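Below: the structure, in structure tokens.
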Amino acid sequence: GPLVEEYFRRAVLLSRGDLMIFVQRPISAGFVALSALLLGTQLVIALRNALRARSAVKPA
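Under my numbering, the first residue of the sequence shown carries the number 8, and numbering increases by one thereafter.
Take a look at the structure:
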């Protein structure tokens, strides 16, 4: 939400644009990895569903 965006911008400004600040500490790296995993999982599910829907529409 808006609060997360505000704190993200603040952290980037304080680190002078260095995004490595988000993976330097183990807890931060864990959150980044978890977010990437969840995003990747959602993308795979969406692609799989799209391919299934596409193959179901094709005539045999």
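For each residue, glycine too, the CB sits at the ideal point set by N, CA and C. Being a predicted model, the structure only gives us computed values, none of them experimental.
Going by C-alpha positions, Ala18 is about 9 Å away from Asp25.
Beta-carbon to beta-carbon, Val39 and Val30 are separated by about 6 Å, close enough to satisfy the 8 Å threshold. The three-state secondary structure of Ser35, taken from DSSP, is helix. CA-CA distance, Glu13 to Ser22, rounds to 14 Å.
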